[in-house]
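Trainee: Sharing a structure with you now.
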Amino acid sequence: MTRFQARTLLVVVLAAASLGLLAFGGSPLLAPLRAAVQGPLAAVQRAVAEAWRGVAPQPAQPAPEAEALAARVAELEAEIARLQAENIQLKEKESELRILSGLVEYARSQPEAKYLTANLIGQDTSPLLTYLIFDRGSDDGVIRGMPVVTGDGLVGRVVEVSPGACKVQPITDPASAIAARLQTSRDQGIVQGQLGGGLEMRFITQQTRLEPGEVVLTSGLGGAYPPGIVIGRVAGVQQLNYEVLQRAELIPAVDPTRLEIVLIITNFTPADLSPFFQATPTAAPAPAAP
Amino acid sequence: MTRTLLIGLPLLALAAVLQSTVLAAFRVLAGGGLDLVLVLTLGWTLAGDWQGGIVWGFLGGLFLDLLSGGPLGAQALALVLTAYLASLTEGQFWRSHVLLPLAAGLTASAAYHLMMITLLTTAGHAVDLAGALTGVMLPSVLIDTLAMLPAYHLLRGLHAVVYPEPVKR
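For the record, the sequence lines run as chains G and Y.
Numbering of the first sequence is given in my numbering, commencing with residue 41 and proceeding in unit increments.
Numbering of the second sequence is given in my numbering, commencing with residue 20 and proceeding in unit increments.
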């Protein structure tokens, strides 16, 4: 076998393996294997994310000089550097406290729900996709379908879980669709993610009066999300006289690109509506007349 | 091949994690940025380990897939095919001039992103073609190309250490 043939054979085998994964990657049979690889990978990811989060510019310590004055300057510079580093750390803590206060405030306002805090440890490795990776997984009781929120509103929902991490599809993902209602008029529609990170509310009747700034909430229809979570605000309306329905552009309440800590609602289980979409059994044929 | 795997496994796992954490913070326009795993795979392929480069593409792609919400196997397939395309000349062309790895980086990065757009669209993911081409592919190709030169020379050095040339008598 020539080198070229060997290489071509290798490519064919690996491409076939990739295609096999593409076809059967979601199979439950592969789940233990995925978990075995994802576990250590998530641990490394968590460590790198924490190290990266803690990176702050550390000014170099000045070298001590022989003369007293230079020594004093060096001492003061060191003190400034220490205070600057401390100031950066305090600002970081303040920012973390502000986020946590918002989350506590939100949790207090919705006491019926149970929450689990999660830290962002990664984003999708493909720039064409928008999934987020958090440091909570099946070991913490997280399951597929759980909603994810912050104090400002809805982030998305869990779409994949490994023992130590979970992947979340943000509401701004183009494949995301949420049953929603307008806070003032109570009219309903569907909020879909847009390419580029925006939101659009569709299927709003022409009779609905839409005002910029109006709050849009989850309606709870479909059972995928609990009702009453803020999705965003109306930014613009597209109302055409020849169309049956109108659309509204929304500003998301949460910017998924600026997340650090979120809350996963753990006592909400998405409704399984699949039995309603299965074919209705046909009536048994009537017995033949004697 | 054992040495290729021993170096590749930890290096590519770390590169995939860095791509998901640190490098994700430096994305420009609609998400364009450095595809570290692609650059490493390509660099190793051009450095002379043509079969090993293809295996690196598969492993690196799997790590990327595990840290992505996309279909498992998509990035692995795209990287295997990209490494294979880069290996076709067995380095004779790309290594004939110091700047030619740049051209290899440009061609391979463009091919990789086009394959990813095709695979994700085929798998049912909504991809804005215009945005993906101008906001993701264009800046990524540029950044990958610029990163290719230092990466290639570093990996060529590493390759020489791992697989030293036999002394000719």
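For every residue, glycine included, the Cβ atom is placed at its ideal position computed from N, Cα and C.
Excluding the 5 residues preceding and the 5 following proline 270 of chain Y in the sequence, name in chain order all residues of the same chain whose CB lies nearer than 6 Å to its CB.
Mentor: No answer is possible for residue 270 of chain Y: it lies beyond the span of chain Y, which begins at 20 and ends at 188.
Trainee: Quick one: grab the DSSP three-state call for isoleucine 269 of chain G.
Mentor: As a position in the first sequence, residue 269 of chain G is number 229, starting the count at 1. The answer is coil: DSSP assigns isoleucine 269 of chain G none of H, G, I, E or B.
Trainee: If the cut-off is 9 Å on Cβ atoms, which residues from the region 155-167 of chain G count as contacting chain Y, listed in chain order?
Mentor: Taking 9 Å as the Cβ-Cβ cut-off against chain Y, the residues of the region 155-167 of chain G that qualify are Ile161, Gly162, Gln163, Asp164, Thr165, Ser166 and Pro167.
Trainee: What would DSSP say about alanine 82 of chain G, mapped onto helix, strand or coil?
Mentor: As a first step, residue 82 of chain G is located in the first sequence; it is residue number 42 there, counting from the start. Three-state result, alanine 82 of chain G: helix.
Trainee: Of all the options Y/Asp163, Y/Asp54 and Y/Leu96, which has the alpha carbon lying nearest to the alpha carbon of methionine 134 of chain Y?
Mentor: Translated into the one-based positions of the second sequence, residue 134 of chain Y becomes position 115. Answer by Cα proximity: Y/Leu96.
Trainee: How many angstroms separate the CA atom of aspartate 192 of chain G from the CA atom of glycine 237 of chain G?
Mentor: For the purposes of this step, residue 192 of chain G is taken as the residue at position 152 of the first sequence. For the purposes of this step, residue 237 of chain G is taken as the residue at position 197 of the first sequence. Each residue's alpha carbon lies about 17 Å from the other.
Trainee: Under 7 Å between the Cβ atoms of threonine 101 of chain Y and glycine 71 of chain Y?
Mentor: As a working note, residue 101 of chain Y is residue 82 in the second sequence. As a working note, residue 71 of chain Y is residue 52 in the second sequence. No, these two residues do not count as a Cβ contact at 7 Å.
Trainee: Going along the chain, which residues of the region 171-191 of chain G sit with their C-beta nearer than 9 Å to a C-beta in chain Y?
Mentor: So the list reads Tyr171, Leu172 and Ile173, given in the order they occur along the chain.
Trainee: Determine the direct distance from the alpha carbon of tryptophan 63 of chain Y to that of isoleucine 304 of chain G, and round the result to whole angstroms.
Mentor: Mapped onto the first sequence, residue 304 of chain G falls at position 264. Mapped onto the second sequence, residue 63 of chain Y falls at position 44. Taking the straight line joining both Cα atoms gives about 41 Å.
Trainee: Based on DSSP bridge pairs, tell me the residues matched to isoleucine 301 of chain G.
Mentor: The residue given as residue 301 of chain G occupies position 261 in the first sequence. DSSP, once it has assigned bridges, lists G/Asn159 as partnering isoleucine 301 of chain G.
Trainee: Since valine 146 of chain Y meets chain G, which of its residues come closer than 7 Å, beta carbon to beta carbon?
Mentor: Residue 146 of chain Y sits at position 127 when you count from the first residue of the second sequence. The contacting residues are Leu168.
Trainee: Using only the alpha-carbon positions, how far apart do threonine 212 of chain G and alanine 145 of chain Y sit?
Mentor: Numbered from 1 along the first sequence, position 172 holds the residue referred to as residue 212 of chain G. Numbered from 1 along the second sequence, position 126 holds the residue referred to as residue 145 of chain Y. If you take the alpha carbons of threonine 212 of chain G and alanine 145 of chain Y, they lie about 12 Å apart.
Trainee: Would you mind telling me which residues of chain Y sit closer than 8 Å to lysine 131 of chain G, beta carbon to beta carbon, in chain order?
Mentor: Here residue 131 of chain G is taken as the residue at index 91 of the first sequence, counted from 1. Going along chain Y, no residue has its Cβ under 8 Å from lysine 131 of chain G, so there is no contact; the nearest lies around 18 Å.
Trainee: Helix, strand or coil for methionine 24 of chain G per DSSP?
Mentor: Given a span of 41 to 330 for chain G in the structure shown, any question on residue 24 of chain G remains unanswerable.
Trainee: Check each residue of the region 208-228 of chain G: if its Cβ is closer than 9 Å to any Cβ of chain Y, include it; give the result in chain order.
Mentor: If the cut-off is 9 Å between Cβ atoms, the region 208-228 of chain G has Val208, Gln209, Asp213, Pro214 and Ala215 near chain Y.
Trainee: Using the beta-carbon of each residue, which ones in chain G are nearer than 8 Å to methionine 135 of chain Y?
Mentor: In the second sequence, the residue the question calls residue 135 of chain Y occupies position 116. Neighbours of methionine 135 of chain Y on chain G, chain order: Ser166 and Leu168.
Trainee: Can you pull the chain G residues whose beta carbon is under 7 Å from the beta carbon of arginine 22 of chain Y, in chain order?
Mentor: Looking up residue 22 of chain Y in the second sequence gives position 3. Within 7 Å Cβ-Cβ: nothing; arginine 22 of chain Y doesn't reach chain G, min ~17 Å.
Trainee: With DSSP collapsed to three states, give me the class of isoleucine 120 of chain G.
Mentor: Taking the first residue of the first sequence as position 1, residue 120 of chain G is located at position 80. In the structure shown, isoleucine 120 of chain G sits in a helix (DSSP, three-state: H, G or I).
Trainee: Thinking C-beta only, is isoleucine 230 of chain G closer than 7 Å to arginine 221 of chain G?
Mentor: Numbered from 1 along the first sequence, position 181 holds the residue referred to as residue 221 of chain G. Numbered from 1 along the first sequence, position 190 holds the residue referred to as residue 230 of chain G. Cβ atoms of arginine 221 of chain G and isoleucine 230 of chain G: not closer than 7 Å.
Trainee: Under DSSP, the beta strand (DSSP E) around isoleucine 211 of chain G begins and ends at which residues?
Mentor: Mapped onto the first sequence, residue 211 of chain G falls at position 171. Looking at the DSSP string, isoleucine 211 of chain G is not in any beta strand (DSSP E), and its letter there is neither H nor E.
Trainee: Exposed or buried, which one is tyrosine 282 of chain G when buried takes at least 16 other CB atoms within 10 Å?
Mentor: If you number the first sequence from 1, residue 282 of chain G lands on position 242. With fewer than 16 other Cβ atoms within 10 Å, it is exposed.
Trainee: Please give the ranges of any beta strand (DSSP E) in the region 133-179 of chain Y, keeping only runs that are unbroken, at least 3 residues long and fully inside the region.
Mentor: List check, beta strand (DSSP E) in window: nothing returned.
Trainee: Just checking: is the beta-carbon of phenylalanine 45 of chain Y within a distance shorter than 7 Å of some beta-carbon in chain G?
Mentor: Within the second sequence, the letter at position 26 stands for residue 45 of chain Y. No, no contact with chain G.
Trainee: Alpha carbons only, please: which of G/Arg184, G/Ser58 and G/Gly260 is nearest the one belonging to alanine 93 of chain Y?
Mentor: Within the second sequence, numbered from 1, the residue matching residue 93 of chain Y stands at position 74. Measuring from the Cα of alanine 93 of chain Y, the nearest candidate turns out to be G/Ser58.
Trainee: Would leucine 174 of chain Y and alanine 66 of chain Y qualify as a contact pair, given that the criterion is a beta-carbon distance under 7 Å?
Mentor: One-based indexing of the second sequence puts residue 174 of chain Y at position 155. One-based indexing of the second sequence puts residue 66 of chain Y at position 47. Result yes, Cβ atoms of leucine 174 of chain Y and alanine 66 of chain Y sit closer than 7 Å.
Trainee: Reducing DSSP to helix, strand and coil, say where alanine 153 of chain G ends up.
Mentor: Taking the first sequence and counting its residues from 1, the one referred to as residue 153 of chain G is at position 113. Alanine 153 of chain G falls in the coil class under three-state DSSP.
Trainee: Look at the alpha carbon of threonine 60 of chain Y and the alpha carbon of leucine 78 of chain Y, and state the distance between them as a whole number of angstroms.
Mentor: Sequence index remark: in the second sequence, residue 60 of chain Y carries index 41 (1-based). Sequence index remark: in the second sequence, residue 78 of chain Y carries index 59 (1-based). Approximately 10 Å, taken between the alpha carbons.
Trainee: If you check the beta carbons only, do leucine 250 of chain G and alanine 219 of chain G fall under 7 Å apart?
Mentor: What you label residue 250 of chain G is simply residue 210 of the first sequence in a count that begins at 1. What you label residue 219 of chain G is simply residue 179 of the first sequence in a count that begins at 1. For leucine 250 of chain G and alanine 219 of chain G, no; Cβs fall outside 7 Å.
Trainee: If you run the structure through DSSP and keep just helix, strand and coil, what is phenylalanine 308 of chain G?
Mentor: Along the first sequence, read from residue 1 onward, the residue named residue 308 of chain G stands at position 268. Phenylalanine 308 of chain G falls in the coil class under three-state DSSP.
Trainee: Would you mind sorting proline 169 of chain Y into buried or exposed? The rule is 16 or more other CB atoms within 10 Å of its CB.
Mentor: What you label residue 169 of chain Y is simply residue 150 of the second sequence in a count that begins at 1. The residue is exposed, with fewer than 16 neighbouring Cβ atoms inside 10 Å.
Trainee: Which chain Y residues sit within Cβ distance under 8 Å of leucine 81 of chain G?
Mentor: Counting from 1 along the first sequence, the entry for residue 81 of chain G is found at position 41. Here the neighbours are Ala32, Ala35, Val36, Phe82, Leu85 and Leu86.
Trainee: Residues of chain G with a CB under 8 Å from the CB of glycine 50 of chain Y: which are they?
Mentor: By 1-based counting over the second sequence, the position of residue 50 of chain Y is 31. The answer, in chain order, is Pro167 and Leu168.
Trainee: Candidates G/Leu299, G/Ala275 and G/Gln163: which alpha carbon is nearest isoleucine 291 of chain G's?
Mentor: To locate residue 291 of chain G, count along the first sequence from 1; it is residue 251. Considering only alpha carbons, the answer is G/Ala275.
Trainee: Return helix, strand or coil for isoleucine 32 of chain G, following the three-state DSSP convention.
Mentor: Lying outside 41 to 330, the shown extent of chain G, residue 32 of chain G is not represented and no answer is given.
Trainee: Mind checking glycine 233 of chain G: buried by the 16 CB within 10 Å criterion, or exposed?
Mentor: Counting from one through the first sequence, the residue named residue 233 of chain G turns up at place 193. It counts as buried.
Trainee: Excluding the 5 residues flanking leucine 299 of chain G on each side, which residues of the same chain have their C-beta closer than 8 Å to its C-beta?
Mentor: Counting from one through the first sequence, the residue named residue 299 of chain G turns up at place 259. Closer than 8 Å at the Cβ level, and outside the excluded window around leucine 299 of chain G, lie Leu160, Leu172, Thr190 and Val195.
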